[in-house]
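Below is one structure, written out as structure tokens, with a few remarks after it.
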Amino acid sequence: MAKRYRVKKKANFGLTILLVLIIIAGALIIGGSSYIKGMDKPLDSTSEEYITVTVPAGSTTTRIGQILEEQGIIADDSKFKIYSKIKKYDGTLKAGEYSLSPSMTLTEILDIIQSGAAKTTRFTIPEGLTIDQVTDILAEQNLINRDEFENLLLHGEFDYKFYNTLPAGDKRLEGYLFPETYEIFTTASESDILNKMLGQFDSVFIDEYYKRAEELGYSINEIITIASLIERETRVDSERPLVASVIYNRLDAGMALQIDATVQYALGEQKQFLTYDDLEIDSPYNTYKIPGLPPGPICSPGKASIEAALYPADSDYYYYVLKSADSIEHNFAETYDKFLVYKSQYQSTY
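Counting from 45, one number per residue, gives the positions in the sequence shown under the numbering used here.
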């Protein structure tokens, strides 16, 4: 009996030790969990301040924590490092410019930096602008250094299918800064911004368009040149294929295009009325004097004008003129005599 009693007593003692260890482990787990939860509190939950924080490329978690502490976003960079390791953020944080607040928890801050949801801005390039006008917009919004951007326009090298087809020259990228509204990181470089626009053109000008240009017997640069003429000649989408048909009909007939927009491009200004002296300007872009197409695009055309250049209407039109001084629509004519009638009607309205 005594022997059995001692075994039972020893078993009870072992059970007691096990229970104590479980309680200690539980306390450690609960305590550790509470400690980790305590680390996730914001520096100042009442703060309404937002601070722009730049995380440089290649920054370690340690360095990011130091930056955040230096800028008053968090209280302790060492806790930031520990927390990021425990929660497996370490090694996943992205460079960029972020808008952060002392009222954010570590989790909120880490989620933002991990997502790469950096501070962004937008800019819009309307259809029909020249490369100089696009540069002006970007410079006025302080998105670029003008000298660096213009140097890229002249000397930058780019890896796009269309780029390899372009003729060399100062105006090589005219027509290819695709009109669109763009969202960029506020830290975007001149190269980033330029590639954003060129990349958009590359995505819009699909393989079907290359094949169609070849069917028409025109180079990509010639198609974009025609599209740019269409873009500057009409703002009415339904008229774009008709204007394209006039251009092709006149080219096929060996007629001068006589497009006012090309003279305006040569002059470097958009005048409402061109004078006879203007029409005599000595420039390869003056389609009143030089037969065929100008040497390149005169603006950045939108997709509708590009498609019109590739798929013109089937017409016998050779002329068009505005319906009235306050209209954006045109009358189209097959003969010069009919054109003169429409022209007289237009002139009577101003």
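The beta carbon of each residue, even a glycine, is placed where N, CA and C say it ideally should be.
Note that the coordinates shown come from a computational prediction; the quantities given were computed from them, not determined experimentally.
Within the same chain, show all residues whose beta-carbon is closer than 7 Å to that of residue i, passing over the 5 residues directly before and after it, in chain order.
| i | result |
| --- | --- |
| lysine 367 | Glu373, His374, Asn375 and Tyr390 |
| proline 338 | Thr269, Thr306, Pro328, Tyr329 and Thr331 |
| leucine 311 | Asp322 and Ile325 |
| glutamine 302 | Thr331 and Tyr332 |
| leucine 123 | Position check: residue 123 holds lysine in this sequence, whereas leucine was assumed. So the list reads Met83, once near-sequence residues are dropped. |
| isoleucine 237 | Leu182, Leu187, Ile188 and Ile228 |
| lysine 401 | Any answer about residue 401 is impossible in this case: the structure gives the chain only from 45 up to 394. |
| glycine 194 | As written in the sequence, residue 194 is glutamate, which differs from the glycine given in the question. Cβ neighbours of glutamate 194 beyond the five flanking positions: Thr179. |
| alanine 353 | Ile267, Ile270, Ala271, Ile274 and Ala288 |
| proline 86 | Pro146, Ser147, Met148 and Thr149 |
Taking the C-alpha atoms as reference points, what is the distance between residue i and residue j?
| i | j | result |
| --- | --- | --- |
| serine 89 | glutamate 152 | 12 Å |
| glutamate 192 | alanine 305 | 29 Å |
| serine 282 | aspartate 322 | 30 Å |
| methionine 148 | glycine 116 | 12 Å |
| tyrosine 394 | valine 365 | 14 Å |
| serine 145 | isoleucine 95 | 6 Å |
| isoleucine 334 | alanine 300 | 7 Å |
| aspartate 155 | serine 91 | 19 Å |
| methionine 241 | phenylalanine 222 | 5 Å |
| leucine 198 | glutamate 114 | 41 Å |
| serine 233 | proline 100 | 13 Å |
| lysine 387 | alanine 357 | 22 Å |
| glutamine 185 | valine 385 | 46 Å |
| methionine 45 | isoleucine 130 | The predicted position of methionine 45 is uncertain, since its pLDDT is 45 and thus under 50; no value can be drawn from it. |
| valine 290 | glutamate 277 | 11 Å |
| aspartate 251 | glutamine 110 | 49 Å |
| tyrosine 292 | tyrosine 309 | 21 Å |
Where does residue i fall in DSSP's three states?
| i | result |
| --- | --- |
| phenylalanine 376 | strand |
| arginine 216 | coil |
| valine 97 | strand |
| threonine 149 | coil |
| threonine 165 | strand |
| arginine 48 | Low per-residue confidence applies at arginine 48: pLDDT is 49, beneath 50, and the placement is therefore not dependable enough to give any value. |
| glutamine 244 | helix |
| asparagine 330 | coil |
| asparagine 189 | coil |
| tyrosine 204 | coil |
| glycine 312 | coil |
| valine 307 | helix |
| isoleucine 325 | coil |
| proline 170 | coil |
| proline 86 | coil |
Among residues of its own chain, excluding the 5 on either side of residue i, which ones have a beta-carbon nearer than 6 Å to its beta-carbon?
| i | result |
| --- | --- |
| glycine 219 | Ile268, Ser272, Pro341 and Ser344 |
| phenylalanine 383 | Tyr363 and Ala377 |
| valine 178 | Ile169 and Leu221 |
| alanine 162 | Gly140, Glu141, Tyr142 and Phe229 |
| arginine 216 | Leu210 |
Report all residues from its chain with a CB closer than 8 Å to the CB of residue i; omit the five preceding and five following residues, and keep chain order.
| i | result |
| --- | --- |
| phenylalanine 206 | Tyr220, Phe245, Asp246, Phe249 and Ile264 |
| aspartate 84 | Tyr127, Thr149, Leu150 and Thr151 |
| leucine 137 | Val99, Ser103, Thr105, Ile108, Ser128, Leu154, Ile157 and Gln158 |
| tyrosine 260 | It should be noted that the sequence gives leucine, not tyrosine, for residue 260. Once the five neighbours on either side are set aside, the close Cβ partners of leucine 260 are Ile267 and Leu354. |
Provide the residue(s) that pair with residue i in DSSP beta bridges, ordered along the chain.
| i | result |
| --- | --- |
| valine 365 | Asn375 |
| serine 143 | Thr96 |
| phenylalanine 229 | Thr164 |
Taking 6 Å as the cut-off, is the beta-carbon of residue i closer than that to any non-hydrogen atom of the ligand MG?
| i | result |
| --- | --- |
| glutamate 378 | Here there are no bound small molecules, and the ligand MG is not part of this structure. |
Review point. Okay, do the segment 166 to 173 and the segment 220 to 236 touch, 3+ Cβ pairs below 8 Å being the bar?
Key: yes
**Study point:** At least 3 beta-carbon pairs within less than 8 Å: the segment 311 to 320 vs the segment 283 to 291
**Key:** no
Check your understanding: Three or more beta-carbon pairs under 8 Å between the segment 118 to 127 and the segment 208 to 219, yes or no?
Key -> no
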